[in-house]
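Each residue of the sequence shown is one higher than the one before, counting from 6 in my numbering. One structure is given below, encoded as structure tokens.
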Amino acid sequence: MAETIHAATGFPRRPCERPEVLQTARYANGKWAPTKQLFKSWSFYDFTDVAQNGRLRLFIKQPTGRDVTFEEATQNPDGSWPAPTPMHGLAPVPVTSKPTRNYLAAAVAGTHVHLVYIHTNGRLMHTMERSDGTWTAPDQVAPGGAYRNDWFERLSAASVGGGLQVAAVDQIHRTVLHTALGANGRWTQWSNVLTNGQIAQYHTIRSANGH
């Protein structure tokens, strides 16, 4: 039995090489398997992954011309990896005049994979995989309240108690916010995790997880 994890390089090994995503496995005896290349491209914005039904799934956000597309790949039973393919039902996101944010996060909540990402307009968006493998049309995360028009800089998603929870850094207020997707399909209002009177300036969030 092995615990499958991955390691990623945000930059090429050498200046003339392309960035790549690598994966390895840690065995019960503590040793590590040789790394495998999952994905390599001259330019991809970001990636995230989840483990579902004992298999690792990779989700990639990358540019194609003037758009940003979402692709996915699921590890084969023999441990090999297929080439990434577009996520069915998700249309390319047009790149606006503002800088494209590079961040996305995925979590398995219940029996579904949820993907949360920062749109090119700075809004936080959410989509969910249906049982037939297609994805729902993206909707804005927690669209109501005082933070609905803010520009988000970083995010993290986790499955806690079978539900989806999201934490994100608000670039406008430089604070960390939290929301959760209820069983009724509605988001709770944003709550301010780190109220600091704007003395501290938060820029990043690494990960969120729970049981």
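In this text, a Cβ means the ideal position worked out from N, Cα and C, and glycines have one as well.
Backbone CA spacing between residue i and residue j [nearest angstrom]
i	j	result
V181	A173	6 Å
R191	P39	43 Å
F44	G166	32 Å
K41	A114	28 Å
L219	A96	The question about residue 219 has no answer here: the residues shown for the chain are numbered 6 through 216.
G168	A56	16 Å
A111	Y32	25 Å
T193	G187	7 Å
W37	A151	47 Å
W195	S136	29 Å
L109	P82	26 Å
H119	H131	7 Å
Helix, strand or coil at residue i [DSSP, three-state]
i	result
Y50	coil
A110	strand
N197	strand
F16	Reliability fails at F16, whose pLDDT of 48 lies under 50, so the model's placement of it is uncertain and the value that follows must be treated cautiously. In this structure, F16 counts as coil in the three-state DSSP scheme.
D137	coil
Y152	coil
W192	strand
W37	strand
V100	coil
A147	coil
Span of the beta strand (DSSP E), counted from its first residue to its last, around residue i
i	result
V174	168 to 175
M133	129 to 133
P68	60 to 69
Q42	41 to 45
D72	72 to 79
A185	180 to 185
V217	One cannot answer for residue 217 here, as it falls past the ends of the chain, which runs 6 to 216.
V165	157 to 165
A30	25 to 32
Nearest-angstrom Cβ-Cβ length linking residue i and residue j, presumed shorter than 8 Å
i	j	result
V100	T79	Contact doesn't hold; Cβ gap of about 27 Å is too wide.
H183	Q170	7 Å
Of the residues the options, the one placed nearest residue i, counting alpha carbons only
i	options	result
L63	G70, T69, F52	F52
G84	L27, T90, Q176, H117	L27
P91	T74, N81, V98	T74
H278	M133, L129, A110, R128	Within the shown structure, residues of the chain are numbered from 6 to 216, placing residue 278 beyond reach of any answer.
P69	Y50, G150, N81	Pro is not the amino acid found at residue 69; the sequence shown has Thr there. Checked all of Y50, G150, N81; the closest Cα to T69 is Y50.
P148	L129, P89, G35	L129
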